[in-house]
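This report concerns only the one structure given below.
There are 4 protein chains.
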Amino acid sequence: MSKKPLNIGLVGYGFMGRTHSNAYKRVGDFFDLPYAPVLKAVCGRTADGAKAFAANWGYESIETDWRKLIERKDIDAIDICTPNNTHAEIAIAAAAAGKMILCEKPLAMNLVEGHAMVDAVEKAGVANTVWYNYRRVPAVSLAKELIAAGRLGKVFHYRAQFLQDWTISADLPQGGTGLWRLDAAAAGSGVTGDLLAHCIDTALWLNGDIETVSAMTETFVKERKHSLTGKVEPVKIDDACAFLCRFENGSLGLFESTRYARGHKALYTFEVNGEKASLKWDLHDLHRLQYFDYADDSLIRGWKSIHVTDGDMPYMKHWWVPGLQIGYEHTFVHQVADFLTNTAKGAPTSPTFRDALATQAVCDAVLDSADHHKWEAVVPV
Amino acid sequence: MSKKPLNIGLVGYGFMGRTHSNAYKRVGDFFDLPYAPVLKAVCGRTADGAKAFAANWGYESIETDWRKLIERKDIDAIDICTPNNTHAEIAIAAAAAGKMILCEKPLAMNLVEGHAMVDAVEKAGVANTVWYNYRRVPAVSLAKELIAAGRLGKVFHYRAQFLQDWTISADLPQGGTGLWRLDAAAAGSGVTGDLLAHCIDTALWLNGDIETVSAMTETFVKERKHSLTGKVEPVKIDDACAFLCRFENGSLGLFESTRYARGHKALYTFEVNGEKASLKWDLHDLHRLQYFDYADDSLIRGWKSIHVTDGDMPYMKHWWVPGLQIGYEHTFVHQVADFLTNTAKGAPTSPTFRDALATQAVCDAVLDSADHHKWEAVVPV
Amino acid sequence: MSKKPLNIGLVGYGFMGRTHSNAYKRVGDFFDLPYAPVLKAVCGRTADGAKAFAANWGYESIETDWRKLIERKDIDAIDICTPNNTHAEIAIAAAAAGKMILCEKPLAMNLVEGHAMVDAVEKAGVANTVWYNYRRVPAVSLAKELIAAGRLGKVFHYRAQFLQDWTISADLPQGGTGLWRLDAAAAGSGVTGDLLAHCIDTALWLNGDIETVSAMTETFVKERKHSLTGKVEPVKIDDACAFLCRFENGSLGLFESTRYARGHKALYTFEVNGEKASLKWDLHDLHRLQYFDYADDSLIRGWKSIHVTDGDMPYMKHWWVPGLQIGYEHTFVHQVADFLTNTAKGAPTSPTFRDALATQAVCDAVLDSADHHKWEAVVPV
Amino acid sequence: MSKKPLNIGLVGYGFMGRTHSNAYKRVGDFFDLPYAPVLKAVCGRTADGAKAFAANWGYESIETDWRKLIERKDIDAIDICTPNNTHAEIAIAAAAAGKMILCEKPLAMNLVEGHAMVDAVEKAGVANTVWYNYRRVPAVSLAKELIAAGRLGKVFHYRAQFLQDWTISADLPQGGTGLWRLDAAAAGSGVTGDLLAHCIDTALWLNGDIETVSAMTETFVKERKHSLTGKVEPVKIDDACAFLCRFENGSLGLFESTRYARGHKALYTFEVNGEKASLKWDLHDLHRLQYFDYADDSLIRGWKSIHVTDGDMPYMKHWWVPGLQIGYEHTFVHQVADFLTNTAKGAPTSPTFRDALATQAVCDAVLDSADHHKWEAVVPV
């Protein structure tokens with residue numbers, strides 16, 4: 071079968087640039103797809119950095135101005151891996167140029183930007199998706215399947231956490247290469263946009279809309295040295311954020327994220343309690359889903375640890391054999407596979423920009439609530 | 071060694087009546103104590119019920135009016151195991167009669183009652199304690215030791231949950247024998263006083279005072295048949311309650327309890343994240359403490375599962391040998407052991423009525439916050 | 071209901087003397103039984119030791135010669151808690167005196183002694199049982215129920231371990247008070263009789279007879295100081311023992327025990343793999359049973375962790391409420407409860423002396439196999 | 071940096087053909103290496119199958135006769151992924167042609183074949199390695215580091231299992247495509263060569279030589295239909311194999327593997343108990359290492375669960391960030407990376423053919439012992 075090439079133009083080549091590049095390169099080995107992604111160009115602020123990345127990953131060319139990349143006729147899709155404060159401008163320009171867009175999360179700095187981005191892609195009619203990659207952990211996709219099949223019944227509780235511990239040291243600088251996540255100007259927020267956004271995206275997908283929130287945030291280390299200027303400056307991001315919420319379906323939600331939870335590297339967890347069954351998952355053992363089924367015979371009722379590696383489980387028939395786990399990077403491969411399959415059919419690939427806008431609305435409400443010390447309604451999008 | 075008898079008068083003989091009676095009977099076999107508890111009298115509303123309980127456990131006599139019990143000269147200590155709405159009246163009368171008091175938790179229906187109770191015991195100068203028994207799970211006592219020794223350093227996060235699932239069925243009646251916990255008139259609140267109160271007691275003990283809270287409550291099943299009258303009536307208790315809070319030490323807190331978390335029977339959990347170390351515990355495996363120590367060599371750093379069964383761990387030298395676990399009921403034995411030892415020395419036994427008043431203050435603030443949909447300050451006690 | 075007193079005469083008052091005494095004292099509080107055990111007399115080699123134990127536990131009298139104890143008319147049952155090399159003599163004399171007998175495990179020093187003991191109790195027609203207490207961990211009893219109900223189908227594999235680490239230090243003395251388990255003259259063997267005997271008893275109960283074995287033993291520390299004489303002497307017990315075996319039902323067995331498994335305090339584990347289901351258990355979390363059911367829907371198939379604390383599970387209706395665990399000592403309470411109930415009906419209480427003889431036969435074959443470096447058949451009993 | 075191309079000729083394209091191809095394609099993206107592997111040719115028995123595989127993975131050409139592949143001047147390395155009964159012939163021919171050889175495990179059908187293979191590669195002086203891939207799970211490599219650093223001290227016990235359940239159904243056919251592992255003529259043995267060989271390879275690497283073994287094997291399903299002929303024929307492979315052994319360092323070993331352990335998909339586990347520390351690992355959660363350190367303060371001593379995802383742990387700096395796990399396939403990437411690095415320096419890559427010969431010697435002794443029902447010495451190699 072001859073596959074249609076799909077030329078990728080990658081903007082930004084940090085951690086996410088690596089995960090996306092890997093996904094484009096590998097997807098065809100494991101999935102039978104209508105398109106073959108081609109690593110056409112990578113764009114970075116410095117030619118040297120872009121060249122080194124291109125050499126490592128096999129990009130055919132480089133650019134140092136994303137506007138030029140967008141203008142190129144030989145680019146079909148723009149992949150945005152830059153800091154959050156640049157998403158809107160790049161995405162809107164790319165949409166105007168008729169490019170497909172794969173944008174890193176969070177979608178935008180705020181709801182206003184997000185609306186403009188959604189308008190842009192929808193007006194241009196270009197394929198678009200946001201890299202909330204955890205939807206495509208097989209165990210998380212399985213959770214979605216089980217919920218969609220009605221196995222949980224009415225949901226009472228949803229709770230999620232994203233716990234890290236990498237910024238506890240007061241000696242860690244802020245800003246600069248690899249550290250823009252600590253710089254409010256570039257990141258917009260701290261853990262809210264970086265970590266909670268993942269939790270919220272999954273929650274909306276699994277459990278529907280959130281209506282109201284009551285949040286608190288904290289910045290434990292108040293000042294840090296800037297990595298480039300060496301100047302000690304106030305830290306403006308949230309180091310931790312937690313919120314209560316109510317979902318439209320009547321369930322209660324509890325969310326928390328922090329970079330000060332000693333002992334947890336990247337512990338994203340969620341749990342859903344329904345009338346008939348419950349399930350939970352965590353990123354540190356991402357290949358397992360915990361499931362409790364009240365319908366089980368009472369003598370043998372308990373939480374099951376499902377090793378999500380069998381061929382009848384989401385995405386797994388493409389990989390190895392039962393018992394042999396895949397990892398973090400595969401979630402990006404799955405998203406590319408779905409994007410290429412859907413796009414060929416003219417179907418959207420979740421989460422679209424519009425889906426991600428709903429997450430942005432919750433993030434904005436959370437930050438507002440924390441600022442105002444009161445419950446806030448989430449703006450419907 | 072001849073031990074001084076200490077005559078117990080037990081009021082109420084439900085689930086807690088059993089756990090306390092067991093504790094009094096067993097404690098002398100395992101602990102060398104200045105007092106020997108004597109099961110002098112049990113008091114219940116019906117003579118038949120009290121007689122059957124007395125026969126089972128070996129109480130020497132019965133009463134059907136707690137006032138008479140309190141008047142008896144041969145009673146040294148009153149143990150209050152009745153529904154929450156009777157604690158204050160009994161305790162105040164017992165204090166006036168100069169009896170020692172061991173009161174089930176929560177202390178009172180509200181802060182006003184609680185203050186009166188504290189005033190009563192402190193004025194009377196009688197030994198008093200409240201049965202927040204989980205402090206004396208060896209693993210929890212060990213957590214206290216580790217924190218008190220400064221091993222965690224500055225604390226950033228405290229979170230606790232108490233999750234049950236026994237009231238999900240809408241067919242479960244409310245009120246009546248064994249079900250007063252679902253009756254707001256008898257219980258005062260639902261999960262807040264029943265379950266969250268335990269979480270709060272432990273938190274205050276381990277992490278200091280709570281200053282402000284933002285809470286939400288929910289009653290999922292709005293009406294239930296009353297078990298005695300058969301009448302369908304509105305459910306007035308909280309089925310679920312969650313709150314955010316800020317501790318005086320600057321750490322953030324997240325608390326949740328519910329009786330609608332399918333799959334969890336009595337899952338009380340807490341976790342504390344400090345700068346240098348973290349720890350967590352859960353009631354379903356109460357003989358273990360999880361501990362993460364950042365000072366460990368980075369190659370072998372990880373969460374440790376400490377099997378709290380060795381002789382150098384709290385209370386454990388009194389029991390069996392390493393590896394052989396004790397259970398739930400032993401927490402009450404430990405509290406009796408401590409109460410007898412402390413009382414002989416004229417020392418208080420934590421949590422005293424005054425300690426429990428602080429928990430009551432947080433519970434009140436939580437319920438107020440949920441009612442008013444806003445942050446509330448906790449009244450200092 | 072008036073209960074018939076059953077007068078206990080306890081011989082030996084070490085670790086097991088405590089667990090048994092506790093069981094006799096507590097059983098009536100939790101089980102409705104035809105007999106009320108009475109702590110009539112404890113017998114020890116020194117009057118001081120026996121007196122102290124009697125004072126602690128409430129025994130009415132003491133003896134320093136077990137023969138006198140057996141002669142006493144006011145003793146109904148002899149409980150043997152002495153070192154293994156005395157079981158046979160005491161049991162045979164007790165049977166001759168018409169006493170019921172509750173004997174600590176292992177039954178005997180060897181099969182010859184064991185046969186004589188079985189003959190004695192069966193000829194005398196006295197109630198008898200051996201304290202293989204782990205059969206009455208609720209999770210283990212549940213395993214038995216599930217297997218007996220045919221839920222596993224044909225069994226392919228049985229494996230068990232009993233891992234400890236308390237004798238690793240070469241400085242630990244052998245022999246003497248509390249250390250007779252390291253003295254071959256008193257114990258007969260090392261881990262084989264002490265630990266593997268438990269594993270074998272459970273295995274025969276759950277999976278039927280063992281036909282052939284191939285074993286190896288090792289003594290890692292070759293010489294130790296004797297705790298009483300101070301003399302350095304060769305260590306004659308087995309520090310570790312492992313064996314392969316074939317069961318009569320066609321399944322394969324693998325057993326291992328050691329006191330040199332660093333990190334394991336008393337980790338007794340077993341796992342049974344059947345055609346339709348598998349189960350496993352371990353003593354360090356004794357209130358849980360792991361269960362895998364192949365009949366589950368493939369999407370949610372996994373190992374279940376059953377928290378064995380509900381009222382419909384073995385023995386649990388006598389204790390607390392779901393989620394609240396019991397511990398090690400309760401297994402002895404359960405055995406007393408069953409013994410008293412069965413004995414009143416004239417029914418045997420498993421494991422009887424005859425049941426324990428089968429375990430003895432396997433132990434003997436294991437030690438023979440290790441000595442002779444070859445497969446040995448187990449002598450049918 | 072210009073990298074030297076290294077042309078790969080792959081023989082066989084089943085499950086292992088996929089894992090190796092993936093490794094060659096990915097390794098350069100994550101490791102900075104002296105060679106760039108080129109997928110030059112794949113050889114299969116049928117042109118159609120080989121073409122389809124080549125198209126999927128990007129092999130430049132195909133062959134249908136491995137002898138022709140070996141003759142090709144443009145092939146630098148032969149990768150043998152064919153059934154076990156063909157390894158020796160292909161490897162010996164490849165060595166004679168001066169090709170580097172990467173051979174799937176087990177090395178050979180037996181020790182005689184294995185010796186011939188070792189002689190061939192050593193005489194030819196060609197780089198060689200055997201794909202015992204589990205050595206390069208980061209957690210397993212970390213175990214090796216910890217042991218090599220003396221952290222465990224004297225070792226007392228080594229135990230390993232490889233448990234599967236995929237052949238329980240009596241309806242599963244034997245032989246033919248994808249099923250040669252059930253055909254004794256092609257596989258040589260059943261679980262011994264397929265699964266135990268992995269356990270033995272790791273054991274020899276971590277704990278040194280095995281001197282003597284006592285084994286048993288079993289074939290639970292005695293006859294199966296052949297997948298190609300449809301004829302019902304006796305099953306000649308071992309469905310299960312277990313053995314006791316003694317290591318040269320004085321420790322005791324216990325090994326077991328089976329395809330009849332219901333509930334276990336591919337559960338390779340090992341545990342090592344040393345005087346000072348113990349460790350254990352399992353393939354179902356391959357990114358974790360369990361570690362117990364007796365030197366820890368007794369109050370906080372316990373088994374640590376090390377999440378092997380940090381940059382200072384073996385191989386992990388090449389992948390993502392702490393907390394984000396890799397999976398099964400990465401072990402092959404690591405082996406290619408090491409092979410290319412070592413080969414450029416003229417250094418061997420463990421396990422070499424000679425290393426794998428030692429595993430073969432143990433496998434042969436195990437099968438002999440099972441046949442003869444007696445202890446066998448392992449032939450030194």
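Which chain is which? The protein sequence lines are A, B, C and D, in order.
Numbering-wise, the numbering used here comes out as the position in the first sequence, counting from 1, plus 70.
Numbering-wise, the numbering used here comes out as the position in the second sequence, counting from 1, plus 70.
Numbering-wise, the numbering used here comes out as the position in the third sequence, counting from 1, plus 70.
Numbering-wise, the numbering used here comes out as the position in the fourth sequence, counting from 1, plus 70.
Glycine included, C-beta positions come from ideal geometry on N, C-alpha and C.
> Do the segment 203-218 of chain B and the segment 316-331 of chain B touch if we need at least three Cβ pairs shorter than 8 Å?
Replying inline: Because the criterion of three Cβ pairs below 8 Å is not met, the segment 203-218 of chain B and the segment 316-331 of chain B do not touch.
>> For Gly416 (chain A), which residues in the same chain have their Cβ closer than 6 Å to its Cβ, ignoring the five residues on either side in sequence?
In response: None.
> Between the C-alpha atoms of Gln360 (chain A) and Lys143 (chain C), what's the straight-line distance to the nearest angstrom?
Replying inline: Their backbone Cα atoms lie some 60 Å apart in a straight line.
> Does Leu314 (chain D) come within less than 8 Å of chain C when only Cβ atoms are used?
Replying inline: So, interface residue.
> From Met71 (chain B) to Lys295 (chain B), what distance separates their C-alpha atoms?
Replying inline: The pLDDT assigned to Met71 (chain B) is 49, lower than 50, so where the model puts this residue is not dependable; a value taken from the coordinates is nonetheless given after this. Looking at the two C-alpha atoms, the distance is approximately 56 Å.
> Given a threshold of 16 other Cβ atoms within 10 Å of its Cβ, counted over all protein chains shown, does Thr116 (chain A) qualify as buried or as exposed?
Replying inline: Classification for Thr116 (chain A): exposed.
>> I'd like the ranges of any alpha helix (DSSP H) spanning at least 4 consecutive residues and lying wholly in the segment 215-289 of chain A.
In response: Counting only runs of 4 or more, we get 254-257 and 267-277.
>> Under 9 Å, CB to CB, which of the residues in the segment 391-404 of chain C have a partner in chain B?
In response: Considering only beta carbons, the part of the segment 391-404 of chain C lying closer than 9 Å to chain B consists of Val391, Pro392, Gly393, Leu394, Gln395, Ile396, Gly397, Tyr398, Glu399 and His400, in chain order.
> Distance, Cα to Cα, Trp201 (chain C) vs His157 (chain C)?
Replying inline: The alpha-carbon separation between Trp201 (chain C) and His157 (chain C) amounts to approximately 12 Å.
> Is the Cβ-Cβ distance between Leu80 (chain C) and Val112 (chain C) less than 8 Å?
Replying inline: Contact: yes.
> Where do the ends of the alpha helix (DSSP H) carrying Arg179 (chain A) lie?
Replying inline: Checking the sequence shown, residue 179 (chain A) turns out to be Met, not Arg. The continuous stretches of alpha helix (DSSP H) do not include Met179 (chain A), and DSSP gives it neither H nor E.
> Quick one: is Ile238 (chain B) near chain D, going by C-beta distance under 8 Å?
Replying inline: Output row for Ile238 (chain B): interface = no.
> Relative to the C-alpha of Asp441 (chain C), which residue among C:Gly344, C:Ile370, C:Ile307 and C:Lys374 is closest?
Replying inline: For Asp441 (chain C), the nearest C-alpha among the options comes from C:Ile307.
> So which residues on chain D does Lys350 (chain B) lean against when the C-beta distance must stay under 9 Å?
Replying inline: Within 9 Å Cβ-Cβ: nothing; Lys350 (chain B) doesn't reach chain D, min ~13 Å.
>> Does the CB of Ser335 (chain C) have a neighbour CB from chain B at under 8 Å?
In response: The sequence as given places Lys at residue 335 (chain C); Ser does not occur at that position. Yes, Lys335 (chain C) lies at the interface with chain B (some Cβ there is under 8 Å from its Cβ).
> Comparing alpha-carbon positions, which option in D:Leu298, D:Lys301 and D:Thr287 lies nearest Asp309 (chain D)?
Replying inline: By alpha-carbon distance to Asp309 (chain D), the top candidate from D:Leu298, D:Lys301 and D:Thr287 is D:Thr287.
> Which chain A residues are close to Leu353 (chain D), counting only those with a beta carbon under 8 Å from its beta carbon?
Replying inline: What Leu353 (chain D) touches in chain A: Gly393 and Leu394.
>> Quick check: the Cα distance between Met86 (chain C) and Thr419 (chain C), rounded to an integer number of angstroms?
In response: Roughly 19 Å between the two C-alpha positions.
> Which same chain residues, not among the five before or five after Val451 (chain C), have their C-beta less than 6 Å away from its C-beta?
Replying inline: Hits under 6 Å: Leu427, Ala428 and Ala431.
> Does DSSP put Met71 (chain D) in a helix, in a strand, or in coil?
Replying inline: Low confidence applies here, because Met71 (chain D) scores a pLDDT of 49, under 50, leaving its location unreliable; read the following figure in that light. In this structure, DSSP gives Met71 (chain D) a state outside helix and strand, which the three-state scheme calls coil.
>> To the nearest angstrom, how far is the alpha carbon of Val302 (chain A) from that of Asp253 (chain A)?
In response: Rounded to whole angstroms, Val302 (chain A) to Asp253 (chain A) spans 13 Å at the Cα level.
>> Can you list, in chain order, the residues of its chain with a C-beta nearer than 7 Å to that of Trp136 (chain A)? Leave out the 5 residues immediately preceding and following it.
In response: Spatial neighbours of Trp136 (chain A) in its own chain (CB-CB distance under 7 Å, excluding positions within 5 residues in sequence) are listed in chain order as Val81, Cys113 and Ile160.
> Which two residues bound the contiguous beta strand (DSSP E) that contains Ala347 (chain A)?
Replying inline: Its beta strand (DSSP E) spans residues Ala347 to Asp352.
> Any beta-carbon of chain A closer than 8 Å to the one on Tyr361 (chain C)?
Replying inline: Tyr361 (chain C) counts as touching chain A.
> By how many angstroms is the C-alpha of His354 (chain D) removed from the C-alpha of Phe232 (chain D)?
Replying inline: Each residue's alpha carbon lies about 11 Å from the other.
> chain D partners of Met386 (chain B), CB-CB under 8 Å?
Replying inline: Under the 8 Å cutoff, chain D gives no residues; its nearest Cβ is about 11 Å from Met386 (chain B).
> Is it true that the segment 173-189 of chain B meets the segment 144-156 of chain B, where meeting means three or more beta-carbon pairs spaced less than 8 Å apart?
Replying inline: Verdict: yes, contact present.
>> So, for Ala164 (chain A): in the same chain, excluding its five sequence neighbours on each side, which residues have a beta-carbon less than 6 Å away from its beta-carbon?
In response: Result list for Ala164 (chain A): Ile140, Ile148 and Ile171, in chain order.
> If you count every other CB in all the chains shown that lies within 10 Å of the CB of Asn319 (chain B), and 16 or more means buried, which is it?
Replying inline: The residue in question, Asn319 (chain B), is exposed, as its Cβ has fewer than 16 Cβ neighbours within 10 Å.
> Taking the Cβ atom as the reference point for each residue, do Glu345 (chain A) and Lys224 (chain A) lie within a distance shorter than 8 Å?
Replying inline: Result yes, Cβ atoms of Glu345 (chain A) and Lys224 (chain A) sit closer than 8 Å.
> How far does the beta strand (DSSP E) with Ala161 (chain C) in it reach, from first residue to last?
Replying inline: That residue, Ala161 (chain C), is in no beta strand (DSSP E); its alpha helix (DSSP H) goes His157 to Ala166.
> If you drop the 5 nearest sequence neighbours on each side, which residues of the same chain put their C-beta closer than 7 Å to that of Val196 (chain D)?
Replying inline: Within the same chain, Val196 (chain D) has close Cβ partners Ala165, Gly168, Lys169, Met170 and Ile171.
> Within this structure, are the beta carbons of Ser375 (chain B) and Gly393 (chain D) separated by less than 8 Å?
Replying inline: No; because the gap between Cβ atoms is not below 8 Å, this pair is not in contact.
> Should Trp127 (chain A) be flagged as near chain C, meaning a C-beta pair shorter than 8 Å?
Replying inline: Interface with chain C (8 Å Cβ-Cβ cutoff): Trp127 (chain A) is excluded.
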